[in-house]
Structure formats: C-alpha cells, structure tokens
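S.K.: Here you go, one structure.
2 protein chains.
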Amino acid sequence: MDSVSGAAVSGQDHDREAVTGNIRQVNRERILQAATTVFADAGFGGATMLGIANAAGLPKANLHYYFGTKQALYAAVLDNILTVWLDAADAIVPERDPAVALADYIRAKIEHSRRFPQASKVFASEMMRGAPLLKDFLAHRLRDRVDAKVAVIEGWARQGRIVVPNPRHLLFQIWAMTQTYADFAVQIAAVLGVETLGPAEFAAAGDTAVTLILRGCGLTPPGVPVPAPGSRQRVETATQN
Amino acid sequence: MDSVSGAAVSGQDHDREAVTGNIRQVNRERILQAATTVFADAGFGGATMLGIANAAGLPKANLHYYFGTKQALYAAVLDNILTVWLDAADAIVPERDPAVALADYIRAKIEHSRRFPQASKVFASEMMRGAPLLKDFLAHRLRDRVDAKVAVIEGWARQGRIVVPNPRHLLFQIWAMTQTYADFAVQIAAVLGVETLGPAEFAAAGDTAVTLILRGCGLTPPGVPVPAPGSRQRVETATQN
DNA sequence: AAGAAACTTGACCAAATGGTCAAATACCAC
DNA sequence: GTGGTATTTGACCATTTGGTCAAGTTTCTT
Chain A
114 MDSVSGAAVS GQDHDREAVT GNIRQVNRER ILQAATTVFA DAGFGGATML
164 GIANAAGLPK ANLHYYFGTK QALYAAVLDN ILTVWLDAAD AIVPERDPAV
214 ALADYIRAKI EHSRRFPQAS KVFASEMMRG APLLKDFLAH RLRDRVDAKV
264 AVIEGWARQG RIVVPNPRHL LFQIWAMTQT YADFAVQIAA VLGVETLGPA
314 EFAAAGDTAV TLILRGCGLT PPGVPVPAPG SRQRVETATQ N
Chain B
114 MDSVSGAAVS GQDHDREAVT GNIRQVNRER ILQAATTVFA DAGFGGATML
164 GIANAAGLPK ANLHYYFGTK QALYAAVLDN ILTVWLDAAD AIVPERDPAV
214 ALADYIRAKI EHSRRFPQAS KVFASEMMRG APLLKDFLAH RLRDRVDAKV
264 AVIEGWARQG RIVVPNPRHL LFQIWAMTQT YADFAVQIAA VLGVETLGPA
314 EFAAAGDTAV TLILRGCGLT PPGVPVPAPG SRQRVETATQ N
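Protein chains in written order, with the numbering used here: chain A, 114 to 354; chain B, 114 to 354.
Here you go:
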C-alpha cells in the first residue's frame, strides 16, 4: 500500500480503505495538498504541523487523527508524488523514433514542472536531505526503471539511430534541465525579469531543452534545421527572450 | 560589506574587521563551515543552532556571540557562497572559441559541484524557499551577469560561430545539468549503484554535459566525432557506466 | 430510534529551540 | 604588571513544536 515507509500510514488504521464514507478521502486529500505546499516551501524540518493545519483550514489535531505523526504525513506526501513521478518515461520505447520519443519525454517533464512545482520541490528537498525515506525507492524501483530506459537508448544507439555519450547521464541531465524550472523558478524568473514563469517561459524552456538534447544526440529537432557553423545566421529565438 | 541582508553581520559589531587577533576570523570560519554543512542537509528551517554548534565543536552561545541570530548566520553563509558563485562564467568571453569557452564553463561548474556540494545545496534550498534573502542578488547582480554573458553568446551567434536556440535558457540548463550532481547526488549515486559519486562519475558527467551542450549548439566536441545518424556505430561510453 | 463507529477539536504537556546574560577567563597594549 | 577589551560558556527564559486526550458531535448501520 505504501512504498515509502512502514510508518507512512500509521496509527489507528485498520483497513478503512474505502469502507468509510468519502469524508475520510476528502480530508486526507485536503491535508495532503496543504502539506505538499508547506513542505515544498519550508522543507521537512521547516514545516510545522500548525502551518499545514492552517493551510488546510483544519485544526491541528485533525492532521494527527488522519496521519499520526509529521513523519508519516511527510511520507504520505512523498508516496503521493512518486506515483506520478515515473510515468513520463513511458514515452521511451524501442519502437518509437528516438527524436520523437525524447522530445515527448522532455516536454512531458517540463509540463510536469509547470503543473506540479511543489511536488518537484518536495522531491528535491528530500534528495538534498540525503533521501532518508527514499533510498530504497531510488536504489530499486527507480534504478530498474532507468536500466530499462537505458537499454532502449542503447538499442537505438546500436542501430545507429542515435549518438549518445552516456545514456544514464543523458537521463540525469534531462531530469535536471526540466526540474530546474520548478525548483529554481524564482531564480529563473528573476533573471528573466518576470514576476512568475508563465506559459511563454515554459514554451521557451521546452524548445531549448528539446533542441539541445536532440542535437546533442545527433538528431534533428523537428522544424529546426541545424546549419553548419560558419554559415551566416542569427540567433533562432523562440517565443520570448 | 555584506550583500545579502542588512542583518548579515549583526549585533555588537563596531568595525572589528581585522583589528582584533585572528581568533575571531578563525572561529567565524569554523562556524561558517559547520553552518554550511548543517544548512545544506537540513535547510534553514530544519537546522538548529545547537546542531551547528555541535558540528563546529563550540558552545551554542558562541555562535550567537559571533553572528547574533540564526538568520544572520544563515545570511553570512549565503554571502560566503555567492562570492564564489559567479566566477566560473569568466570563461565566457567574446574572444574565445565558443566550443572551448562553453566546455571550460561546464567543466568548471561540474568541478564546483564536486568540491562544494554543500554550498550548492544551501543555494538550492534558498531558491526553493522563494529566495527571501537573495531576491535582490538574483534580480540585479546575477541578472546583469547573465545579460552580459548572453550578449557574448549572441555575438557568437551573429558571427555564425554557434547555433543556440535561446541563450538565456541555455545558461539555465547548463546550471541545472551541472548543479544536479551536487543537489541530487544521492539520487544519482543510487541509480548508478555506487556508494558515493567519485571522480569517475564526475568525469562521465562532465563528458556527457559537454558533449550534449556543444553538439546542441552546433559545435563539435573535441575528440568526439559526430557520425551522421544512419552509420553503424556503438554507444560511445566513457569511463564507466 | 438507538447504538456503534467515525470524526472533530480545544485544552493540555513535555521537549526542543532561539536567544539572553552575567560571571569568568584569555588576550593585549602600555 | 595592570587596566581594558575581547572571548567563552553554563545557566536561564519565553516561545514554539510535535503529539496526546477525552469529551463532544456527526454519520452510518440495523
């Protein structure tokens, strides 16, 4: 049921799965939502149960009723996040054209950063702590997943359909390029001189990432010709600066 | 003197700069070092003065004597970090060959992640909090710096020496690709199946990043020919998996 | 309707935390 | 040496924090 920690769902639970009315589900969801935001902004250590309770619009004791401890609530938040985490990589399958597959993957990751920045931050925060609750997930579920995707990429490479320096690091760097737009949104916004990152910025981010990675893998980005350096040309700017 | 916050150097300071013996300097340094580590692992909210004191091997009251408050100590840590932060970009100047300049820049950034992972984490942590203490730095010092480097890159592009989708996002993504090896070290180590990231892993990371970015900018990575896709070849793996 | 189970919540508690202080000690210029 | 300044540090304090609890209210089940 919970893949993060034995303490994730805690306390006085004896199989209330869907037995009880939906009050339970609704409240849990509300709390998880609030907790995600607070953990994202303050980290595990900086977040307070009172803060989360206020964000959720519920008395603090209520959180403890549903999740037992702060740790368990945190674990539940992580669990919630991980489910969505791996899915984007579904784009990478042997049958597809490498360029299309990678482009889709990158765009999906960027979209994820745009839609769920808090989730990304919580994950990042947990990594920086040393991932005490996710070590296992990383070393097994994620690792296996990566191995599978690496196999696909190496397959493409053997067929001469892609040129990749190091498939594993390629993935790491795609993750980095895309997650940065969630975790470092303030920095990027400040440098771009905008209040917050909007659709225009994310579009430019996606275009740049796709172009860099595809070219980087010896592929031609759709609609973006790659003239040989030496021929006169100007910066191919996208939507905005 | 301090660029982060008016409260960075606080309390009972009236210009002791280098007046007093070096006890002051030595202790401040020792505390800053310990604080950097603790803030990196726990974030601002999760770090405790007692924890930092223990890490520094000093009584807690001593930290308050030198830095006044937790906030001020944190600000001092950030300040310390920022100094080093911008320097790597010195590689990017108009006269240099774009390929060499970018490769140097990327390798310097990766090296920074390898040598000062805690600094990187503290910075990342501050960004995720919304950068309450660095908003100003980001919007001015960093922004100006970026504008300058973007101008250089656009200059190269006008001369047809480089093909870049969006210079600003190119920089963001180089930052991301390189910092990820500090901030997400546990994740990467777990996926690679190693205990910690060593020289071999950082070498592979650097090679991959340089290759991807240079090719991505229509440049040829030194020593790494880019065969046209379609020609038979195998994965060009570097040092290790 | 009635009993049971699920849910709510204000009041409370012990521990931890940031911060203060004053007494003691080390250091230094003359 | 001696007086003054800088440094050290244990003891102390107010506040915050995670967590508990028991008395109440609501919601199901039969």
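The C-beta atom is built at its ideal place from N, Cα and C for all residues, glycine as well.
Note that the coordinates shown come from a computational prediction; the quantities given were computed from them, not determined experimentally.
Going residue by residue through the segment 299-325 of chain A, where are the continuous alpha helix (DSSP H) segments of at least 4 residues, counting only ones entirely within it?
M.R.: Listed in chain order, nothing qualifies, since the segment 299-325 of chain A has no complete alpha helix (DSSP H) run of 4 or more residues.
S.K.: Note down, in chain order, every chain B residue with its Cβ under 7 Å from the Cβ of residue 215 (chain A).
M.R.: Chain B residues near residue 215 (chain A): none, gap ~12 Å exceeds 7 Å.
S.K.: Within 8 Å, do at least three Cβ pairs link the segment 301-316 of chain B to the segment 248-260 of chain A?
M.R.: Touching, per the Cβ criterion.
S.K.: How many angstroms separate the CA atom of residue 356 (chain B) from the CA atom of residue 199 (chain B)?
M.R.: Outside the displayed span of chain B (114 to 354) sits residue 356 (chain B), for which this structure offers no information.
S.K.: Can at least three beta-carbon pairs, one atom from the segment 223-242 of chain B and one from the segment 148-156 of chain A, be found at a separation below 8 Å?
M.R.: The segment 223-242 of chain B vs the segment 148-156 of chain A: in contact.
S.K.: Under 8 Å between beta-carbons, which chain A residues line up against residue 158 (chain B)? List them in chain order, please.
M.R.: Here the neighbours are 155, 156, 158, 159 and 160.
S.K.: Quick check on residue 135 (chain A): buried or exposed, where buried means 16 or more other Cβ atoms within 10 Å of its Cβ?
M.R.: That one is exposed.
S.K.: With distances taken between CB atoms, is the gap from residue 328 (chain A) to residue 328 (chain B) smaller than 8 Å?
M.R.: Taking 8 Å as the Cβ cut-off, residue 328 (chain A) and residue 328 (chain B) qualify as a contacting pair.
S.K.: What first and last residue would you give for the alpha helix (DSSP H) that runs through residue 281 (chain B)?
M.R.: Counting along the chain, the alpha helix (DSSP H) containing residue 281 (chain B) begins and ends at 280-296.
S.K.: Are the beta-carbon atoms of residue 145 (chain A) and residue 202 (chain A) separated by less than 8 Å?
M.R.: Their beta carbons are not under 8 Å apart, which means residue 145 (chain A) does not touch residue 202 (chain A) by this criterion.
S.K.: Taking a Cβ distance cut-off of 8 Å, strictly less, list which residues of the segment 161-184 of chain A are near chain B, in chain order.
M.R.: Taking 8 Å as the Cβ-Cβ cut-off against chain B, none of the residues of the segment 161-184 of chain A qualify.
S.K.: Measuring CB to CB, does residue 330 (chain B) end up less than 8 Å from residue 275 (chain B)?
M.R.: Cβ atoms of residue 330 (chain B) and residue 275 (chain B): closer than 8 Å.
S.K.: Counting only runs that start and end within the segment 216-284 of chain B, where is the alpha helix (DSSP H) found for 4 or more residues in a row?
M.R.: Correct list: 230-241 and 256-271.
S.K.: Is the segment 240-249 of chain A in contact with the segment 182-197 of chain A, if contact means three or more CB pairs nearer than 8 Å?
M.R.: Touching, yes.
S.K.: For a cutoff of 8 Å on Cβ pairs, would you count residue 96 (chain B) as touching chain A?
M.R.: As shown, chain B starts at 114 and ends at 354. That puts residue 96 (chain B) outside it, with no answer to give.
S.K.: My assumption, with CB atoms under 8 Å, is that residue 234 (chain B) sits in contact with residue 296 (chain B). Please give the rounded CB distance.
M.R.: The pair is a contact, with the Cβ atoms about 6 Å apart (cut-off 8 Å).
S.K.: In the structure shown, what three-state DSSP assignment does residue 137 (chain B) receive?
M.R.: If DSSP states are grouped into helix, strand and coil, residue 137 (chain B) belongs with the helices.
S.K.: Can you tell me the Cα-Cα spacing of residue 299 (chain B) and residue 309 (chain B), whole angstroms?
M.R.: Their backbone Cα atoms lie some 7 Å apart in a straight line.
S.K.: Are the CB atoms of residue 316 (chain B) and residue 294 (chain B) within a distance shorter than 8 Å?
M.R.: For residue 294 (chain B) and residue 316 (chain B), no; Cβs fall outside 8 Å.
S.K.: Find out if the Cβ-Cβ distance for the pair residue 205 (chain A), residue 151 (chain A) is shorter than 8 Å.
M.R.: Taking 8 Å as the Cβ cut-off, residue 205 (chain A) and residue 151 (chain A) do not qualify as a contacting pair.
S.K.: Between A:171, A:218, A:195 and A:224, which lies nearest to residue 251 (chain A) when the distance is taken from Cα to Cα?
M.R.: With distances taken between Cα atoms, residue 251 (chain A) lies closest to A:195.
S.K.: Need the endpoints of the alpha helix (DSSP H) that residue 164 (chain A) sits in, please.
M.R.: First-last of the alpha helix (DSSP H) with residue 164 (chain A): 162-169.
S.K.: Please confirm whether residue 147 (chain A) and residue 168 (chain A) have their CB atoms less than 8 Å apart.
M.R.: Cβ atoms of residue 147 (chain A) and residue 168 (chain A): closer than 8 Å.
S.K.: Within 10 angstroms of the Cβ of residue 166 (chain B), are there 16 or more other Cβ atoms? Answer buried if so, exposed if not.
M.R.: Buried, because 16 or more other Cβ atoms sit within 10 Å of the Cβ of residue 166 (chain B).
S.K.: Compute the Euclidean distance between the alpha carbons of residue 230 (chain B) and residue 284 (chain A), then round it to the nearest angstrom.
M.R.: For residue 230 (chain B) and residue 284 (chain A), the distance between alpha carbons rounds to 21 Å.
S.K.: Might you give, ordered along the chain, the residues of its own chain that have their beta carbon closer than 6 Å to the beta carbon of residue 232 (chain A), omitting 5 neighbours on each side?
M.R.: If we look at residue 232 (chain A) and ignore the five residues flanking it on each side, its Cβ neighbours are 194.
S.K.: Starting from residue 202 (chain B), trace the alpha helix (DSSP H) in both directions and tell me its first and last residue.
M.R.: Where residue 202 (chain B) is concerned, there is no enclosing alpha helix (DSSP H), given that its DSSP letter is neither H nor E.
S.K.: Alpha carbon to alpha carbon, how far is residue 269 (chain A) from residue 277 (chain A)?
M.R.: So the alpha carbons of these two residues sit roughly 9 Å apart.
S.K.: Name the residues in the segment 302-336 of chain B whose C-beta lies less than 9 Å from a C-beta of chain A; which are they?
M.R.: Listed in sequence order: 302, 303, 304, 305, 306, 314, 317, 318, 320, 321, 322, 323, 324, 325, 326, 327, 328, 329, 330, 331, 332, 333 and 334.
S.K.: Closer than 8 Å, CB to CB, is residue 299 (chain B) near chain A or not?
M.R.: Yes, its Cβ sits closer than 8 Å to a Cβ of chain A.
S.K.: Where does residue 323 (chain A) land, buried or exposed, given buried means 16+ other C-beta within 10 angstroms?
M.R.: It is buried - the Cβ of residue 323 (chain A) has at least 16 other Cβ atoms within 10 Å.
S.K.: Taking Cβ positions only, does residue 131 (chain B) come closer than 8 Å to chain A?
M.R.: With a pLDDT of 43 at residue 131 (chain B), under the threshold of 50, the modelled position of this residue cannot be trusted; read the value that follows with caution. Not closer than 8 Å to any Cβ of chain A, the Cβ of residue 131 (chain B) fails to qualify, so no.
S.K.: For residue 234 (chain B), return the contacting residues in chain A, with the cut-off set at a CB-CB distance below 7 Å.
M.R.: 241, listed in chain order.
S.K.: In whole angstroms, give me the CA-to-CA distance for residue 179 (chain B) and residue 207 (chain A).
M.R.: Looking at the two C-alpha atoms, the distance is approximately 60 Å.
S.K.: Distance check for residue 313 (chain A) and residue 267 (chain B), CA to CA, integer angstroms please.
M.R.: So the alpha carbons of these two residues sit roughly 20 Å apart.
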